[in-house]
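Some notes on the structure that comes next.
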Amino acid sequence: MTDITAPATKSGVRISGAFHRLLAFSGLIALVVVFSIASPNFMQTQNVLAILQATSVNGVLAIAATLVIITGGIDLSVGTLMTFCAVITGVVLTNLGMPLPIGILASILAGTFCGLISGSIIAKLKVPPFIATLGMMLILKGLSLVVSGTKPIYFNDTPGFNQIALGSAVGSIFPSVPVPNGVLILFLVAAIAAFVLSKTALGRYTFALGSNEEAVRLSGVNVDRWKIAVYATAGGICGVAGLLIASRLNSAQPALGQGYELDAIAAVVIGGTSLSGGRGTVVGTLIGALIISVLANGLRILSVAQEWQTVVTGSIIILAVYADILRRRTL
Amino acid sequence: MTDITAPATKSGVRISGAFHRLLAFSGLIALVVVFSIASPNFMQTQNVLAILQATSVNGVLAIAATLVIITGGIDLSVGTLMTFCAVITGVVLTNLGMPLPIGILASILAGTFCGLISGSIIAKLKVPPFIATLGMMLILKGLSLVVSGTKPIYFNDTPGFNQIALGSAVGSIFPSVPVPNGVLILFLVAAIAAFVLSKTALGRYTFALGSNEEAVRLSGVNVDRWKIAVYATAGGICGVAGLLIASRLNSAQPALGQGYELDAIAAVVIGGTSLSGGRGTVVGTLIGALIISVLANGLRILSVAQEWQTVVTGSIIILAVYADILRRRTL
Amino acid sequence: QEKYDIALISKGFQHQFWQAVKAGADKAAVDLGVTVTFEGPESETQVDRQMDMLAAALSRKPDAIGFAALDSQAATPLLQQAKDAGIPIIAFDSGVDSDIPLTTATTDNVAAAALAADVMAELIGGEGKVAVVAHDQTSRTGIDRVDGFVNRLKEAYPKIEVVSVQYGGGDQLQSTEITKSILLANPDLKGIFGANEGSAIGVANGKQELGSKIVVIGFDSGAAQKGMITSGIMNGAITQNPVGIGYQTVQAAVSALKGETLPPIIDTGFFYYDAKNMADPEIAAVLYD
Amino acid sequence: MPISPATALSSSLDASVTPLVEMLDIDKAFPGVRALSGARFELRAGEVHALMGENGAGKSTLMKILSGVYTRDAGEVRLNGQPVEITSPRQAQDMGIGIIHQELALMRDLTAAQNIFIGREPRRAFLLDEGALNRNTHAIFDSMNLKLEPTVKVETLTIAKQQMVEIAKALSYQSRVLIMDEPTAALNDAEIAELFTIINRLKAEGVGIVYISHKMDEIKRISDRVTIMRDGEYVGTVPAADTPIETIISMMVGRTLTNDALVIPNTSAAPVALEVRNLNRGREIRDVSFSVRKGEILGLAGLMGAGRTEVARAIFGADPRESGEIWVNGNRVGISSPQDAVRAGIGYLSEDRKQFGLATGLDVRNNIALASLERFIGPGGVINDGAMHETAEKFIRQLSIKTPSDTQEARLLSGGNQQKVVIAKWLLRDCDILIFDEPTRGIDVGAKAEIYKLLNALAEQGRAIIVISSELPEILRLSHRIGVMCEGRLTGMLPGGSSQEEIMRLATLRPSAVAETNSERKSA
Ligand SMILES: Nc1ncnc2c1ncn2[C@@H]1O[C@H](COP(=O)(O)OP(=O)(O)OP(=O)(O)O)[C@@H](O)[C@H]1O
Ligand SMILES: Nc1ncnc2c1ncn2[C@@H]1O[C@H](COP(=O)(O)OP(=O)(O)OP(=O)(O)O)[C@@H](O)[C@H]1O
Ligand SMILES: [Mg+2]
Ligand SMILES: [Mg+2]
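Protein chains in written order, with this note's numbering: chain C, 5 to 335; chain L, 5 to 335; chain R, 4 to 292; chain Z, 1001 to 1524.
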């Protein structure tokens, strides 16, 4: 059997792969260039740090959403789950007076546990992800209010809590680049998620499930278990986001969180992950989240009227994705 | 080829079909029964009418979403498009002082036009529906504020405008059942949509697109045109929803609408329409929308604390869909 | 004898302001021996959702209804229905444009925001650039507070320029990001007015994250805002009397049910507070956590 | 019926050996369909046991029960004489039962290697060992004489290669029982020969192999015994060597088929219906020109990857072309989409029905009507479902499509019946020029004969027909002329009735090698 195409394909893939990665930033870079020209304030260190800081929470949520979306599912509960985790941390640290590490653990465990439940509802009861996580979104929204007594919980008694997001470990070593820890955590989560996706069995099954779940089942894989594991992992990542937002606001705000899921999913899709599953990258999601926050920041810096900000954001989201599609088509 | 199975099958299909339809209501009926027992006020005419009235806007939006979802797409812009249409009506009737019929036409045309744009972005530019309609959602949200000058537009100068939703043509004939026109319009839209879906080429292609778009394209069908037509139709239906809400509030409220898309999509999915396209019914969507409003109304009538209302709603949405899945499996 | 059943439909639910109104109403319920329920839509844009709540409340056949209208006109048919059914209506917060409510327990938001403008002008020395971070572009309170603040500056302090008015939906995080953008775009900014609790906290957060020195005037109270005023991140804030609004609404409803006559307006008042006067009994009484 | 089930069974059973697998009185019903009733099957170690039956006879269903995909409603499954319950694919694997499914079950976004070892990835500590994965895959590919990169994404492969990946996957399990459900439907002769070598090797190792195929010649070549099913029931088991094909076929269809010879009418005088001039696209289509006359069947032969499908899709407007003209009935037509092609009277039956042919969620009726919906639109845009039903019923009868009714969802039909539905779609559309890409893939002998008859009839009606097929006998049987492709070029045009050897020579005439040496010479 002769096969003339294989070698050609291989080098083709290599070239286009590198080219791809380079160009994927193009939408982001275009935005940055435009805003830099339009306002001298845009590219200042402080503003760049502000943009990164503004990306941190949505970025982490978007990474959680990326995992789920690659399996072909969706997670509408990321926003309220984040809030619920923040509230749990508040209860553990402020109401129960436990030490900081236990609070951190509690947030991540709470997230993982809720993800486990969503995942089980989806895998075992065969409830579609949209409904299961929509229900979860509402349940967690209500529970956050119930658990917190509809009041914010403050972390004034836990010194150092706000250092989780606001402190700067980098800045204490290199004072000229005071990258806030929140941003560091975002990149750390991204690196771990990218590693898990490409190097572990969990990652392999994440892609496999999104690619053809029935085929995975026919291959004798315990599909349910892996699917639950993906949702649980995503939940744990939402727990990290809960820590970040609680640390930034130095409080757990029980009413916040709904609506954040759309921003997260938007970042994922702008980043080139397909909602039908099987393909996606963490780097893409990071770029997507950055596009969203650069856009918001830039338009505000330019003092564009708020109603027009919305119009422009909507248009640019469509354009960014269209540009990405054009790029892929010509390659 | 002899076929011994055919006769048995035929009657089998008939029985299970009827049984299906009967049982599809079961979740709704269970809710109604529970609430009727729990509160004597629940089943009173006035409250039943209030529930129906509360269903009308979400129901109409959900029908629009149903069409799009059957094609395998999604429409996140239904809520803000509704608002945009209401604002356009406000401009036409109040600011320009045109007669009522022109206002009604303007709303539906505006909706159709915006749907046409979303559809074109999706079909021609190949932007995924999620992104195209997310962008549209933001654009329309901004434009509603721009066009209205960020202020509600009142319809005090258009006598009879609030009769569109609040008057009762039925009540003027049968005074004992003063069904508001809004509810009538919901059922009318549902009937037309059901007819279009089952009896016209548009409906046939709607299902075909959701089933296998590539196969439809390779059958020589102008896939783009039909897809755009579906989004435009859905947009027109959102225009009807815009009229309903404007009439009910006797004003066009420019900031309203975001978040409504989730309720509409939830009604669609609770009603058994698959988010992956190819299958779905308008009746199911109506039931889904009713389940949502019965739940909200019943919990309020029972004076359940608001935070617990959310928790219960989330749980029941999951349970309702799970019950539906069980029912299908056992048949 | 049965307890009176009073349904309060407010403009919001989760925000601390509305929770304080609820607390006042609950307190009155205990003091006066009545049952009170409290509900409100998620955001102050959802006029139709509020109508559904009002309709459900009517179906419940309560003895009286307390109502804070998101849009007066939209509510008129249902209010008429309540009136026809003999259910007395008490308006609270920003009032209802109609003669159906027997009385209104309210804050004058325009005047309250004008007071914020006066304080701001004083603290920045009567000139320079200021900005507003508000919660909502279309709701009554959002419009009144922005207009009250901006118009007062325009009339009385011509040397002060409002460079930016932005809206963060009352979401602390979003308001923080907005504040940071405004500060970075306008390095010479002198002060920001945060027009509700979430906005005010966001403004203070943003100031803190950038280590800025601007003047921050907030609105409403809550533990966070009080703490920020104590620590000096926020210079001061305008407070309404939400607990009083809730309490007086229920009290007025009970009076109405007993057939007593009510004044057309119950002005629950507003105050400016800062680190110095926070502990005054008169002020402490209207602050909430 | 020439052989009664009872005698067939007794004559072929050697009672002294415990069979590897026994399936007794298996029943299985789906909503609306009794797929199996009292089905029986027996497999011994070291034998190739063919399972035969018409489309929808229940072959795949029976084997899905054996491999744990479906659970049976009644009956017994024994493994080495012991009754067993097989409730999941995993359990079947653990018992040493492997299967190659008829409908490809691959994860399109993963690589070939990742597909093959899904669920059994080699690991180093917690991490996946991609190197070992690819090495192992390479070893399997080598043992199959398959030249394929383990790291290539499956979705970029043609169906034939995807099928080879499926086979590699099944082999990697090293099962004692290996079920092959139409493994050769998408393969060409060379690949089939390779597969048979593998099968013989496994057989020698004592593996029991179930072999399902509609290609009669393969049955004779590879199998030891044949079990025949009809309408979900057991008909009989016969030894392959001394049972004439005709007997097997009549057991399958319950009647005797007459093998009509191809009538070749003289078409040389008929006007040209379709002419393709200098069609080009990248390295897949290189300067292809040919014409088809009215009433003529043009066969397109070639090895896998020769570019036949690409040519068809380019003519049909499904893929863009770089250059080239298409003339229909003497007029140049601009075709840039399938819609243009259909309007010009061209129909195309794709080789991959699941992806390109069938709207699997729609019912049979609407799939048949999909390309001709406008015919059924009555006044006011309302669809005339009655007329559509009658039309669908007509085709269901004409093509013997096995379905409970025309409102059955197409995805619930057996593979072969799905193919017939797609054919019906194009027959209904009534195109003057029809391109059939692998029209009989997965179609049983009875239906195949009917489709041949149909193609002949269509040609006699004056339609121009292009048939792409990887089965040379089929090409030879149907075609008035035979175009042979290799590496994107049309390497020759042969008259009908040419020899297989001549076709193979042209199909392996590597024009690129020639062209490259030519250009090298020129530049030198
Ligand atoms: N999941 C299912 N639901 C409903 N009916 C089914 C299902 N699977 C198979 N059938 C039906 O069961 C019968 C047997 O199908 P099966 O796939 O076993 O046939 P087959 O012998 O493999 O045919 P082919 O040669 O065409 O592949 C057919 O009538 C088919 O339509
Ligand atoms: N999806 C794809 N992505 C990349 N290359 C492809 C794809 N499909 C086909 N090719 C390449 O296009 C060329 C011709 O394809 P194809 O195998 O369809 O030709 P064919 O003659 O129709 O073969 P077959 O006998 O399999 O139908 C081959 O080089 C093949 O590798
Ligand atoms: Mg089969
Ligand atoms: Mg081919």
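Heads up, the beta-carbon is just placed ideally off N, CA and C, and yes, glycines get one too.
Per DSSP, the bridge partner or partners of residue i
i               : result
S167 (chain R)  : R:A134
H1049 (chain Z) : Z:V1210 and Z:R1225
C89 (chain L)   : BP columns for C89 (chain L) are empty, so no partner.
E1076 (chain Z) : Z:L1024
CA-to-CA distance, residue j to residue i, given in whole angstroms
i               : j               : result
E1502 (chain Z) : L1187 (chain Z) : 20 Å
A68 (chain L)   : G281 (chain L)  : 14 Å
G15 (chain R)   : V72 (chain C)   : 33 Å
A1318 (chain Z) : V225 (chain L)  : 12 Å
T13 (chain C)   : E1149 (chain Z) : Unreliable positioning characterises T13 (chain C) in this predicted model, as indicated by a pLDDT of 37, which lies under 50. The coordinate reading is nonetheless provided below. About 10 Å.
I185 (chain R)  : V181 (chain L)  : 56 Å
S202 (chain L)  : I322 (chain L)  : 29 Å
S148 (chain C)  : I74 (chain C)   : 28 Å
D161 (chain C)  : I189 (chain C)  : 23 Å
S258 (chain R)  : P91 (chain R)   : 10 Å
A282 (chain R)  : Y291 (chain R)  : 12 Å
V36 (chain L)   : T70 (chain C)   : 39 Å
8 Å Cβ cut-off: residues of chain R touching residue i
i              : result
A259 (chain L) : T48, D139, Q140, T141 and S142
Of the listed residues the options, nearest to residue i (C-alpha basis)
i               : options                               : result
I329 (chain C)  : C:D228, C:F39 and C:G276              : C:G276
P190 (chain R)  : R:G172, R:A134 and R:N244             : R:A134
M140 (chain C)  : C:P156, C:G164 and C:G115             : C:G115
A54 (chain L)   : L:A327, L:V308, L:V298 and L:A90      : L:V298
V1311 (chain Z) : Z:D1363, Z:F1436, Z:Q1418 and Z:D1406 : Z:F1436
T59 (chain L)   : L:T210, L:T314 and L:L290             : L:L290
F1117 (chain Z) : Z:R1044, Z:S1470 and Z:Q1174          : Z:Q1174
V64 (chain L)   : L:L80, L:S43, L:A268 and L:S152       : L:A268
Chain C residues whose Cβ lies nearer than 9 Å to that of residue i
i              : result
V273 (chain L) : P132, F134, I135 and L138
Proximity test, residue i beta-carbon vs ligand 3 heavy atom, cut-off 7 Å
i               : result
I1060 (chain Z) : For the sequence presented, residue 1060 (chain Z) should be read as Ser rather than Ile. For ligand 3, at least one heavy atom lies less than 7 Å from the Cβ of S1060 (chain Z).
Q1102 (chain Z) : yes
D1181 (chain Z) : yes
Contacts that residue i makes with chain Z (C-beta to C-beta distance below 7 Å)
i              : result
L222 (chain L) : A1318, P1338, Y1348, S1350 and F1356
R208 (chain C) : Q1114, E1121 and L1128
Interface residues of chain L facing residue i [CB-CB closer than 8 Å]
i              : result
W312 (chain C) : G146 and V150
K64 (chain R)  : N45
Under 7 Å by beta carbon: chain C residues contacting residue i
i               : result
I1118 (chain Z) : A212, V220, S223 and V225
Heavy atom of ligand 1 within 7 Å of residue i beta-carbon
i               : result
V1033 (chain Z) : yes
K1402 (chain Z) : yes
F211 (chain C)  : no
G1416 (chain Z) : yes
G1068 (chain Z) : no
G1442 (chain Z) : yes
F1030 (chain Z) : yes
Within chain L, the residues that residue i reaches when beta carbons sit closer than 9 Å
i             : result
T59 (chain C) : Chain L residues near T59 (chain C): none, gap ~18 Å exceeds 9 Å.
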